[in-house]
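Heads up, the sequence shown is in the working numbering, so the first residue is 1 and it goes up one at a time.
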Amino acid sequence: DSTGAVGSSDVVVLLHGFPTSSYDWCKIWEGLTQRFHRVIALDFVGFGFSDKPRPHRYSIFEQASIVEGLVRHLGLRHQRINLLSHDYGDTVAQELLHSARLFFALGWFLSRPITRLLPCSSELFVSGSGQSSGPTRSLRRQSTGTCGRRCGPMTAISLFLFSILQYINQRKKHRDRWVGALMSTSVPLHLIYGPLDPVNPHPEFLQLYKKVLPMSTVSVLDDHISHYPQLEDPTGFLNAYLNFINSF
């Protein structure tokens, strides 16, 4: 949590992706503090320096409630909130949009979850979902298999990861809820996209995104930028972000 620009009342909350932490935003943090009065980031439960309870049923709903609780704790419940999200954090942001428990000013949704959530029957997106379920099946085999005493710690880790990875199944189960939140929101949306993202191939992904969310604006970064644009091209990312912010 940093206090930044003098004379600005704007607040931005940063929601990181899987399997990382709030450190994902380190390369644009200073630039954000020059524009926003308050820059807030957290490590979701189970990630980074946050608690990692075991056993525990990790869920997108819980993470969204934690974000809401943090905003309340910081006394920002009635403040307009700008969301900047990536990957796993996108789905948390979508649940926050759906529940409408916070007053959002602007929203960004980056990369991975769109391939899991957009209502599309094309082979591209069916394939993406299939690839995501692979690690889950592998972890299930590890966690339920029989092994000797020496593999006990690895089994515990596998169970923990299996629990965290349930967000993939949650995306599938609640797709209508979370895609609907994007399609029906009055909050301005902006996508910052790296064309080399292996999860959301170019140009098919952008074509589908624009078809399903025609009201969203899009920034496409240089051809060599992939799934972590805020780390791979922090200057380009920040410029795209601020251009969007300053257009209102």
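Built from N, CA and C at the ideal position, the CB exists for glycine as well.
Since we're looking at a predicted model, the values are computed, not measured.
Does residue i pass the burial test, meaning 16 or more other C-beta atoms within 10 Å, or should it be called exposed?
i      : result
SER186 : exposed
ARG80  : exposed
CYS151 : Here the model assigns CYS151 a pLDDT of 49, short of 50, so the residue's position is not dependable, and the following value carries that caveat. Flag for CYS151 reads exposed.
PHE44  : buried
GLN94  : buried
ALA240 : buried
GLY89  : buried
THR3   : exposed
ASP24  : buried
THR235 : exposed
SER184 : exposed
ASP1   : exposed
ASP233 : buried
Quick check: the Cα distance between residue i and residue j, rounded to an integer number of angstroms?
i      : j      : result
LYS173 : LEU213 : 20 Å
LEU196 : LEU84  : 21 Å
LEU159 : LEU70  : 28 Å
ARG77  : ARG38  : 14 Å
LEU161 : SER226 : 24 Å
TYR167 : TYR58  : 8 Å
HIS202 : LYS211 : 14 Å
PHE47  : TYR193 : 24 Å
ARG199 : LEU182 : For the sequence presented, residue 199 should be read as Val rather than Arg. When rounded, the distance between both Cα atoms is 20 Å.
GLY31  : LEU231 : 13 Å
GLN207 : LEU221 : 16 Å
SER247 : SER216 : 13 Å
SER50  : ALA41  : 12 Å
THR155 : PRO188 : 44 Å
PRO229 : PRO55  : 33 Å
GLN34  : SER9   : 12 Å
GLN63  : GLU204 : 30 Å
PRO135 : ILE157 : Caution applies to PRO135, whose pLDDT of 32 falls short of 50 and renders its modelled position unreliable; the value that the coordinates give is listed next. Approximately 13 Å between the Cα atoms of the pair.
PRO53  : ASP176 : 29 Å
PHE237 : PHE244 : 11 Å
PRO19  : LEU96  : 20 Å
SER261 : HIS224 : The chain is shown from 1 up to 248; residue 261 falls before or after that span and cannot be answered.
HIS73  : PHE104 : 17 Å
SER163 : GLY75  : 32 Å
SER65  : TRP178 : 15 Å
Name, in chain order, the residues that DSSP records as bridge partners for residue i.
i      : result
VAL199 : Beta-bridge pairing links VAL199 to no other residue.
PHE104 : ILE81
ILE192 : SER219
ALA41  : LEU14
SER2   : VAL39
Just to confirm before moving on: does the CB-CB distance between residue i and residue j stay below 8 Å?
i      : j      : result
GLY17  : HIS98  : no
VAL13  : VAL67  : yes
LEU191 : VAL218 : yes
ILE28  : GLN170 : no
LEU15  : VAL92  : yes
Runs of alpha helix (DSSP H) lying entirely within the segment 204-245, each at least 4 residues, in chain order: Counting only runs of 4 or more, we get 204-212, 229-232, 234-245.
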